[in-house]
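Residue 498 in this note's numbering is what sits at position 20 of the sequence shown, and the numbering runs on without skipping anything. Have a look at the structure below, then the notes.
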Amino acid sequence: MNQSMLGLLDLSNNQISGVIPNWIWNIGDGSPCAYANQLNLSGNLLVGLQRGYVIPPLHVLDLHSNQLYSELPIPQDSTGYVDYSRNNFSSSMPAEIGNRISTAYFFSFSRNMLSGPIPPSICNGSKLQVFDLSNNRFTSTIPQCLIYKCTATLGILNLRNNNLTGNIMGTFLEDCALRTLDLSENLLEGYVPKSLANCANAEVLNLGTNNMNGNFRCFLANLSELHVLVLRSNKFHGNIRCQEIHNYIWPKLQTIDLALNNLNGILPPKFFSQRKAMMDGGNATPHLNHLRFESSYELESLDLSWNKLGGSIPVTPCKSNISFIPELIIQSTRWNDPKRPPTSNISRNFIQRKQRIMRSFFDRLLQESRTGTTDIGWYAIIY
479 MNQSMLGLLD LSNNQISGVI PNWIWNIGDG SPCAYANQLN LSGNLLVGLQ RGYVIPPLHV
539 LDLHSNQLYS ELPIPQDSTG YVDYSRNNFS SSMPAEIGNR ISTAYFFSFS RNMLSGPIPP
599 SICNGSKLQV FDLSNNRFTS TIPQCLIYKC TATLGILNLR NNNLTGNIMG TFLEDCALRT
659 LDLSENLLEG YVPKSLANCA NAEVLNLGTN NMNGNFRCFL ANLSELHVLV LRSNKFHGNI
719 RCQEIHNYIW PKLQTIDLAL NNLNGILPPK FFSQRKAMMD GGNATPHLNH LRFESSYELE
779 SLDLSWNKLG GSIPVTPCKS NISFIPELII QSTRWNDPKR PPTSNISRNF IQRKQRIMRS
839 FFDRLLQESR TGTTDIGWYA IIY
């Protein structure tokens, strides 16, 4: 059979080892439909690519979960879905790579060993909806264009667990499309940009484990769609109360982690008693049902430890009882004492439970993307 007539070749989740042979790249040369050209070699034991390879125009190129350590294969400009995650790539990202992903909507190089700066050319991906470089070794600053240009289409920006430095520069667009922003576990400094409040549909905001500072960012209370808020282990300080904000802040939050900062003040008395998320069971929008964090918006994780907060927690808040919260850490007997670090990271526990759900959704997403009908700009992921 002539593989150039194949529109789809899926050899995923086998025990295929060795290098990717050059003949495999002939897929789709004779296919009349560009969106049918899909190659999935994920979940194998592949270690490299045969020399002299030429990647053809493909709609889907999925090499995730292998052992690839050779140079990064650069996709053609027509590729829409690129997943090289969970490999052993250790080079830097080519400066011109952004010029080859102008039509890509999904781009993941997470869980490799890539280093060096993130090329500014990546912002040429004007259709990107998912951009994930988490768990690598990238250095330098976050390209400003990722903030002021790409957030018009990006639903997910995940740069977690790298060595990125400097401030978050640039202005989030007024029509910011972000649903997930994860910049945690880096070396970022400075203030949280006020323009982040433009991302009104954000569901996950994780800035934890950086060197960010400034007063508690009261403008974040305007992000009413938040399910997960993690600001732990930074240098935030000042009073946690925001006088100008109504009582119903963050009505859908399920995880709140503000531990290991220098926050002070008295917890608002109605912080618990008027939390809609804890009271009503949260009727989710129908088209988001398969991505609801739980069957209701119940608060699952609250960590305010290692601050200087005061006040009291009601035993029986109005219409609810705080005893159902699975993970609750409020103690603040000592603040940021390096000799006595916290014994647990409850937000990480929460996130790990959700990873299994999100991984299965990724698999489903790939299946749907083959039809060209999937709209993924809105969905939230913790990965």
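Just so it is clear, CB atoms sit at the ideal spot from N, CA and C, and this is done for glycine as well.
Reduced DSSP category for residue i - H, G, I as helix; E, B as strand; rest coil
i    : result
S673 : helix
T629 : helix
L704 : coil
N504 : helix
N717 : strand
L550 : coil
L665 : strand
G686 : coil
I498 : strand
N565 : coil
N602 : helix
L524 : strand
L698 : helix
Among the options, the one whose alpha carbon lies nearest that of residue i
i    : options                   : result
L683 : N491, G716, Q732 and C623 : Q732
W501 : G530, L541, S490 and Y626 : G530
Y547 : Y559, T557, N566 and V532 : N566
E703 : N688, R657, G644 and G788 : R657
D555 : Q528, Y583 and S543       : Y583
Q622 : L698, N645 and S490       : N645
N491 : G633, N544 and V532       : N544
R710 : P597, I634 and S779       : S779
S466 : S570, V497, E652 and P551 : What the structure shows of the chain is the stretch from 479 to 861, and residue 466 is not part of that stretch, so it cannot be assessed.
L550 : L707, T581 and A573       : A573
L651 : C720, N676, V538 and L632 : N676
T631 : R589, Q607 and G603       : Q607
I718 : F697, L698 and I744       : I744
Sequence-distant residues of the same chain with beta carbon closer than 6 Å to residue i, five excluded per side
i    : result
R638 : S612, D660, S662 and E663
G716 : N693 and F694
L486 : Q516
P671 : I646
D758 : For D758, the predicted model reports a pLDDT of 45, less than 50, meaning its position is unreliable and no value from the coordinates is stated.
L519 : L489 and L541
Per DSSP, cross-strand counterpart(s) of residue i
i    : result
F609 : F585 and L635
F516 : Note that residue 516 is Gln in the sequence shown here, rather than Phe. According to DSSP, which records beta bridges pairwise, Q516 is partnered with L486 and V538.
M591 : For M591, which the question treats as bridged, DSSP gives no partner whatsoever.
R615 : S593
I579 : DSSP, once it has assigned bridges, lists no residue as partnering I579.
I744 : G788
S711 : BP columns for S711 are empty, so no partner.
G692 : F714
D660 : N636 and N684
G644 : L666
Y559 : V538 and F584
Buried or exposed (CB count within 10 angstroms, at least 16 for buried), residue i
i    : result
I575 : buried
Y559 : buried
P553 : buried
Q516 : buried
N641 : exposed
A678 : exposed
G789 : exposed
Y669 : exposed
G633 : buried
G496 : exposed
Own chain partners of residue i with C-beta closer than 8 Å, once the 5 adjacent residues on each side are dropped
i    : result
F714 : M690, N691, G692, N693, F694, R695, L736, N739, N740 and L741
T643 : T617, S618, T619, N664, L665, L666 and E667
N712 : L685, G686, T687, N688, N689, M690, N691, L738 and N739
G468 : For residue 468 there is no data in the structure shown, the boundaries of the chain being 479 and 861.
C601 : G576, P621, C623, L624, K627 and C628
M591 : N566, F567, S568, N614 and R615
Nonlocal neighbours in the same chain, by C-beta distance under 7 Å from residue i, ignoring five residues either side
i    : result
W813 : Note on W813: pLDDT 38, under 50, position unreliable in the model; no value is reported.
I494 : N522, L523 and L524
V532 : W503
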